[in-house]
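The block underneath contains the structure these notes are about, expressed in structure tokens.
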Amino acid sequence: MNIFPYWHFKNIVFGNHNYLLYNVSLKYESQCIPKPLGMENGDIKDEQLSASSQYDEDSVGPRSSRIRSSIEGGAWCPKTYITKDSYEFLQINLEKLYVIYAIETQGRYSNGTGREYASRYNIDYMRNGSRWIRYKNRSGERIIIGNNDTNTPVYKSLDPPIVANKIRIVPKSDTPRTICLRVELYGCTHENGLIFYSYSPDPSKKDFLDFRDRIFEDNDQNDAILLSKRGLGILTDNIIGTNDESPFSFMQNMGDQKWIGWEYKQSNGIIHFIFEFNDLRIFDKVTFYSFGSYISRVDMAFGSDGYNFASKTPITAWQPEVELEGSVIEYGKAFNFTVPLHNSKGRFIKIVLSFTSDWFFLSEIKFKSSEFLKKSFNYIILIIININ
10 MNIFPYWHFK NIVFGNHNYL LYNVSLKYES QCIPKPLGME NGDIKDEQLS
60 ASSQYDEDSV GPRSSRIRSS IEGGAWCPKT YITKDSYEFL QINLEKLYVI
110 YAIETQGRYS NGTGREYASR YNIDYMRNGS RWIRYKNRSG ERIIIGNNDT
160 NTPVYKSLDP PIVANKIRIV PKSDTPRTIC LRVELYGCTH ENGLIFYSYS
210 PDPSKKDFLD FRDRIFEDND QNDAILLSKR GLGILTDNII GTNDESPFSF
260 MQNMGDQKWI GWEYKQSNGI IHFIFEFNDL RIFDKVTFYS FGSYISRVDM
310 AFGSDGYNFA SKTPITAWQP EVELEGSVIE YGKAFNFTVP LHNSKGRFIK
360 IVLSFTSDWF FLSEIKFKSS EFLKKSFNYI ILIIININ
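Using the numbering used here, the first residue of the sequence shown is number 10, and each one after it goes up by one.
Right under this line is the structure:
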């Protein structure tokens, strides 16, 4: 797939080098059309709702938190006043993994008698194998601005989206106050099964340029092999940098991040990755969306427990060398590189990626896979008793 239909070149000075780079447009790749997950229509059952507390369970408990409804007292209301340091929450157990692209909130209207709403809140979330993670958007903000009256729904897109099976909405207030809340979530089933990745070494920071993953989740758990932080970030946000914005652009380093990158001097041209999936899967291929250097070699191995990887079935690939005068970065090259995985089976994938030029950048890594379904058999046992 050609993701760069045209070139717009410009000169930029980096260190002692003068690079010829280009401006890009953002390419957002997602097959998901977000839909309401079921707070309003009841697909999310009362048993899936819980809370840290409620002022009165019969009237303003978790089951009253459904958007555009006036069940009992009209919303969920925690028992205590909300402050900037309190930790009261409404919890939604989705029972399986979803990609959550938006949240919608209301206060307590209750036919005009309500006065309470949440003007600010945090989102905490969890998925299999993680602790609670505090959401932050692409700019690093953790507080989400909510309602300013009791009845007007306020819809907030989540960028990056959240992958989770449990969600907590945590209201906040600078001054102590009573709040009440109704909510809906919007998203899709998480089809590709990826729940964590980690890498070593960390992406590079040099002078005023910071190529570290600024949206990587604030998860304090490490993987067992690389001993690096596990989470999701730039490489799985479904946003692919194309030809309008290079890794060295002003916007990339002011927060509009599409790429993470490694300098050869800091990494020795070798990057290790561990990818963890929610279930055992069959892998067809993987595509690396890259900039600035050709991948000289990729080694992959598959495992089921995160500790042991099959030594008999590794996959090694080389990218064909292309003759260019000067460095690849100098010519502003964005490219993708696909490696067939030959229906390899695993829940963990270990990748060792090698490059030879001064810098190497990644915008996305995409796996094509399907869930491994064990065959089941029905047995009919015929017992014949011979009575003489």
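The beta carbon of each residue, even a glycine, is placed where N, CA and C say it ideally should be.
Residue i to residue j span [Cα, whole Å]
i    : j    : result
D227 : I152 : 15 Å
L362 : S148 : 29 Å
R177 : T325 : 42 Å
G121 : G82  : 12 Å
K354 : S276 : 29 Å
M48  : E104 : 14 Å
C41  : D183 : 36 Å
N160 : G138 : 37 Å
V172 : K165 : 16 Å
F206 : G240 : The amino acid occupying residue 206 in the given sequence is Tyr; Phe does not appear at that position. Rounded to whole angstroms, Y206 to G240 spans 6 Å at the Cα level.
P71  : K93  : 22 Å
F282 : G242 : 13 Å
S119 : E66  : 16 Å
N146 : K238 : 19 Å
M309 : L350 : 9 Å
P210 : E56  : 44 Å
Y31  : E373 : Reliability of the predicted coordinates at Y31 is poor, the pLDDT of 30 falling under 50, and no value is obtained from them.
I132 : E150 : 11 Å
F311 : N231 : 19 Å
D265 : F369 : 19 Å
K54  : R117 : 20 Å
Cβ pair residue i, residue j closer than 8 Å
i    : j    : result
Y195 : P43  : yes
L99  : S68  : no
G155 : A127 : yes
S305 : L289 : no
D246 : P169 : yes
D222 : I269 : yes
I91  : L58  : no
N201 : D293 : no
G123 : A233 : no
I358 : F284 : yes
C189 : A60  : no
F286 : I204 : yes
Y134 : C197 : no
Per-residue burial, residue i [other beta carbons within 10 Å of its own, 16 or more giving buried]
i    : result
E113 : buried
P180 : buried
S255 : buried
G51  : exposed
L371 : buried
G250 : buried
Q115 : buried
Q63  : buried
P185 : exposed
K267 : buried
K375 : buried
I216 : The question names Ile, but residue 216 is Asp in the sequence shown. Result: exposed.
N157 : exposed
L244 : buried
L382 : exposed
E125 : buried
Selection from the options that minimises the alpha carbon distance to residue i
i    : options                   : result
T365 : F344, I291, W271 and N317 : W271
A343 : V307, E104 and F297       : F297
K377 : D168, I360 and V295       : V295
S213 : K274, S182, N160 and N247 : K274
Y130 : Y144, E104 and R140       : Y144
N345 : K267, V108, S379 and F300 : F300
L401 : D94, H199, A84 and G70    : Past the edges of the chain, shown from 10 to 397, lies residue 401, and the structure says nothing about it.
E193 : H281, P162 and D216       : P162
W141 : E373, N174 and E56        : N174
I4   : L167, F318, S209 and I243 : Since the first and last residues shown for the chain are 10 and 397, residue 4 lies out of range.
N317 : N287, W368 and L235       : L235
E97  : I224, C197, T187 and W368 : T187
I76  : R136, K54 and R191        : R191
T347 : E380, D229 and Y303       : Y303
Bounding residues of the beta strand (DSSP E) (the contiguous stretch that carries residue i)
i    : result
S59  : L58 to A60
F375 : In the sequence on display, residue 375 carries Lys and not Phe. First-last of the beta strand (DSSP E) with K375: W368 to E380.
A343 : A343 to F364
P169 : V163 to K181
D211 : Taken as a continuous stretch (DSSP letters only), D211 belongs to no beta strand (DSSP E), as it is neither H nor E.
S299 : I279 to F300
R191 : R191 to T198
L103 : L99 to Q115
Limits of the alpha helix (DSSP H) - the one that residue i falls within
i    : result
D67  : E66 to V69
Q275 : Y273 to S276
Closer than 8 Å to chain B by CB, residue i
i    : result
K377 : You won't find chain B in this structure, because it holds only one protein chain.
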